[in-house]
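Undergrad: Mind having a look at this structure? Questions to follow.
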Amino acid sequence: MKTSILILIFFVIISGGCSKNEDQTKSASDQNSKVTENTPQNIDNESKKDIIKTAIASKDHTTLVTAIKAADLVVSLSNSGPFTVFAPVNSAFEKLPAGTVDELLKSENKSKLASILQHHVAVAVYTKDILKDGMNIGMVDGKNAKVTIKDGVTFIDKAKIIATVPATNGIIYVVDEVILPQ
1422 MKTSILILIF FVIISGGCSK NEDQTKSASD QNSKVTENTP QNIDNESKKD
1472 IIKTAIASKD HTTLVTAIKA ADLVVSLSNS GPFTVFAPVN SAFEKLPAGT
1522 VDELLKSENK SKLASILQHH VAVAVYTKDI LKDGMNIGMV DGKNAKVTIK
1572 DGVTFIDKAK IIATVPATNG IIYVVDEVIL PQ
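Position in the sequence shown counted from 1, then plus 1421, gives you the working numbering.
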């Protein structure tokens, strides 16, 4: 008997809670409609881009984006992260020996390409103030990349950081070299 009463009380509480939430949802929905009707729609797409969307929007990273797609890493880098990505510009790929990029983009070299790209990604956000001379950063490929600071210029392995771009799921450091795992 006591068990039946407790179960009944439980369901009454749950039912009341659901009803209240529906009212709150309707109220919030009504308020949102009013805000939408009376507020100009200024959408800031620039500050709401994840790492992949940011790279896709960059004319300087078309080769990197092609490589990320070929290695099937788009979904991984679109996840919530946080990530630090060292993103080589197109000219960095051009510095590689002739034919290297074309060879890596072949489907039979997908795992090798993925490994190279994973050496450009750390699962954490390393802001400029965290990066210290001599510091090693563990990359997704399981290897380390070394930070060097010379005359106020920061390098990751031999790649010079030339720009910093925030993203919703981490930070992007634009670099002038492809960072090859040692």
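Even for Gly, the Cβ is constructed at its ideal location relative to N, Cα and C.
Would you kindly check if the distance between the Cβ of serine 1499 and the Cβ of isoleucine 1473 is under 8 angstroms?
TA: Result yes, Cβ atoms of isoleucine 1473 and serine 1499 sit closer than 8 angstroms.
Undergrad: For a test of the three-state rule: what should DSSP assign to alanine 1513, helix, strand or coil?
TA: In the structure shown, alanine 1513 sits in a helix (DSSP, three-state: H, G or I).
Undergrad: For alanine 1492, I'd like the list of residues in its chain whose CB is within less than 7 angstroms of its CB, leaving aside the five on either flank, ordered along the chain.
TA: Excluding positions up to five away in sequence, the list reads Lys1531, Leu1534, Ala1535, Leu1538.
Undergrad: Could you say which of Gly1563, Met1560, Glu1529, Gly1573 lies nearest to aspartate 1405 if we only look at CA atoms?
TA: The structure shown has nothing for residue 1405, since the chain only spans 1422 to 1603.
Undergrad: Which of the three DSSP states, helix, strand or coil, is assigned to threonine 1521?
TA: Correct three-state label for threonine 1521: helix.
Undergrad: Near valine 1596, what residues of its chain come up, given a Cβ to Cβ distance below 7 angstroms and the 5 sequence neighbours on each side ignored?
TA: Contacts found: Phe1507, Ala1508, Pro1509, Ala1513, Ile1577, Ala1580, Lys1581, Ile1582, Ile1583.
Undergrad: Could you give the distance in angstroms between the alpha-carbon of lysine 1469 and the alpha-carbon of aspartate 1481?
TA: Roughly 20 angstroms between the two C-alpha positions.
Undergrad: Would you check if the distance between the CB atom of lysine 1544 and the CB atom of isoleucine 1558 is smaller than 8 angstroms?
TA: Here the sequence assigns valine to residue 1544, which means lysine is not the residue at that position. No, these two residues do not count as a Cβ contact at 8 angstroms.
Undergrad: Which word fits alanine 1519, buried or exposed, when buried means at least 16 other C-beta atoms lie within 10 angstroms of its C-beta?
TA: Flag for alanine 1519 reads exposed.
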